[in-house]
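For reference, each letter of the sequence shown is one residue, going 1094 to 1376 in the numbering used here.
Presented below is the structure to which this report refers.
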Amino acid sequence: MKTAVAKGWFVAIALLVITPIHASAQWAQGRAGRVWAKTAVFLQKTDEQFGPIGERQVWLGNGESDARAIFTDIIVGLHPRIDLWLQIPYYDLRFDRPAIGELQTDGFGDIRAWLRWQFASLLGGSTPVALRVGAKAPIGDSPLDAEVIPVGEGQWDLEAFAEIGHSFWPVPAYAELWLGYRARFANTDNDIDPGGEYVYLAEVGVQPSQGTLLKATVDGLIGRGFVQEGFPIATKRRILNVQFAGAVRTGPVWPEVGVRIPLSGRLFPAGPQFVFALSTQFN
């Protein structure tokens, strides 16, 4: 039965799943058939969340979330200026409530796919400008059950991003900016219209030496109001993260280690995420 209690618990637990993740910033692959791939492991264990007015507070029932996620991103060049980007997540999620016990779910989450068109190369090619459009398919399980953690959101999304980057060569450094909007469709199974989101990312990186990379990223989203069972909810979710990461080239592979820290937010977990990743390119 779709009780209000079950719905409230569903929404709280779902926030463990939908923290936004991005792949490493990339210019267009430059030719058809070139492939860039990255697998990243994210670990987050926290007993705090950002509440409905942005305050840090303990989880419902003094619980603790223990979330592990593996994101695989594959970018395939279709044309010198057009890429196909696929993102496949896998989750292992636990939520421990001292008075009740532990909930645990694992499985593949919702899959995202984008097409990116680098339609301009300004300043002699050092400043690419691109448009990226895509969709999220509700592949992950999202049952309306107070005792099951969902690994999916249950609704389709459509997304559009404007991207601009700049290489400071001969200084071995770059900068990027992404601005986008995510239209999130209603989920008729749980009678929730989650509302759209404005999404942003800014990143700077530098290569201190050949085969090394240091980068800093600011990313986040600002959600619009959502509607539950026909009633508008005033609280809007948002998150602002900063991430620091470093990578060292080992043959054709770039191992990467980083930490992603939420600075502020509403209706999101408040603990840091630790990131371990491997990326490579196939010509």
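Note that beta-carbon positions come from the ideal geometry of N, C-alpha and C, so glycine has one too.
Distance between residue j and residue i (C-alpha atoms, nearest Å)
| i | j | result |
| --- | --- | --- |
| Asp1166 | Gly1194 | 34 Å |
| Val1350 | Leu1153 | 31 Å |
| Glu1148 | Arg1330 | 12 Å |
| Arg1353 | Leu1333 | 10 Å |
| Gln1211 | Leu1360 | 35 Å |
| Thr1096 | Thr1328 | In this predicted model, Thr1096 has a pLDDT of only 41, less than 50, meaning its place in the structure is not dependable enough to derive any value. |
| Trp1129 | Ile1168 | 5 Å |
| Ser1158 | Ala1340 | 28 Å |
| Ile1146 | Gly1358 | 9 Å |
| Asn1376 | Gly1289 | 37 Å |
| Ala1213 | Phe1164 | 29 Å |
| Arg1161 | Val1368 | 10 Å |
| Asp1282 | Ala1121 | 38 Å |
| Val1335 | Val1311 | 4 Å |
| Thr1343 | Leu1307 | 15 Å |
| Ser1219 | Leu1196 | 49 Å |
| Asn1155 | Pro1265 | 47 Å |
| Leu1314 | Pro1355 | 12 Å |
| Ile1181 | His1259 | 28 Å |
| Arg1127 | Ala1338 | 25 Å |
| Asp1234 | Pro1263 | 48 Å |
Residue i, enclosing beta strand (DSSP E) - first and last residue
| i | result |
| --- | --- |
| Ser1302 | Per DSSP, Ser1302 belongs to no beta strand (DSSP E) and is neither H nor E. |
| Asn1334 | 1331 to 1341 |
| Ala1127 | According to the sequence displayed, residue 1127 carries Arg and not Ala. Unbroken run through Arg1127: none, as it is neither H nor E. |
| Ser1357 | 1346 to 1359 |
| Pro1182 | 1175 to 1190 |
| Trp1210 | 1204 to 1215 |
| Arg1275 | 1266 to 1277 |
| Leu1251 | 1250 to 1260 |
| Ala1121 | First-last for Ala1121: undefined, no H or E at that position. |
| Thr1198 | 1194 to 1201 |
CA nearest to the CA of residue i, picked from the options
| i | options | result |
| --- | --- | --- |
| Gly1245 | Ile1232, Ile1257, Ala1268, Glu1252 | Ile1232 |
| Asp1250 | Asp1199, Leu1272, Asp1286 | Asp1286 |
| Lys1131 | Ile1204, Pro1348, Gly1339 | Pro1348 |
| Trp1178 | Pro1265, Gln1150, Ser1158, Leu1208 | Leu1208 |
| Leu1215 | Phe1261, Phe1143, Gln1374 | Phe1261 |
| Gln1389 | Pro1362, Asp1284, Pro1345 | As shown, the chain starts at 1094 and ends at 1376. That puts residue 1389 outside it, with no answer to give. |
| Gln1374 | Pro1345, Ala1253, Val1151, Pro1355 | Pro1345 |
| Phe1143 | Pro1362, Val1134, Pro1263, Gln1366 | Pro1362 |
Spatial neighbours of residue i in its chain, beta-carbon cut-off 6 Å, leaving aside the 5 residues before and after
| i | result |
| --- | --- |
| Val1297 | Ala1268, Ala1309 |
| Leu1272 | Ala1255, Tyr1293 |
| Ile1257 | Val1222, Leu1270 |
| Ile1204 | Ile1181, Ala1230, Ile1232 |
7 Å Cβ shell around residue i - same chain, five flanking residues per side excluded
| i | result |
| --- | --- |
| Gln1248 | Pro1231, Arg1277, Phe1278, Ala1279, Asn1280, Pro1287 |
| Gly1217 | none |
| Ala1125 | Gly1170, Leu1171, His1172 |
| Gly1364 | Gln1137, Lys1138, Thr1139, Glu1141 |
| Gly1316 | Gly1288, Glu1290, Lys1329, Arg1330, Arg1331 |
Beta-carbon contacts of residue i that lie in its chain and below 8 Å, excluding the five residues immediately before and after
| i | result |
| --- | --- |
| Asp1199 | Tyr1183, Tyr1184, Asp1185, Leu1186, Val1244 |
Residue i at chain D interface by Cβ criterion, 9 Å
| i | result |
| --- | --- |
| Val1299 | Judged by its chain identifiers, the structure shown contains no chain D, having just a single protein chain. |
For this session: Could you tell me whether the segment 1220 to 1234 touches the segment 1125 to 1144, using the rule of 3 or more Cβ pairs below 8 Å?
Result: As far as the Cβ criterion goes, the segment 1220 to 1234 does not touch the segment 1125 to 1144, which means the pair count is below three.
Exercise. Is there contact between the segment 1169 to 1177 and the segment 1185 to 1193, where contact requires at least three CB pairs shorter than 8 Å?
Worked result: Touching, no, given that fewer than three Cβ pairs across the two stretches are closer than 8 Å.
Exercise. Three or more C-beta pairs closer than 8 Å, one from the segment 1272 to 1283 and one from the segment 1299 to 1311: is that the case here?
Worked result: The segment 1272 to 1283, when compared against the segment 1299 to 1311, does not touch it at the 8 Å Cβ threshold.
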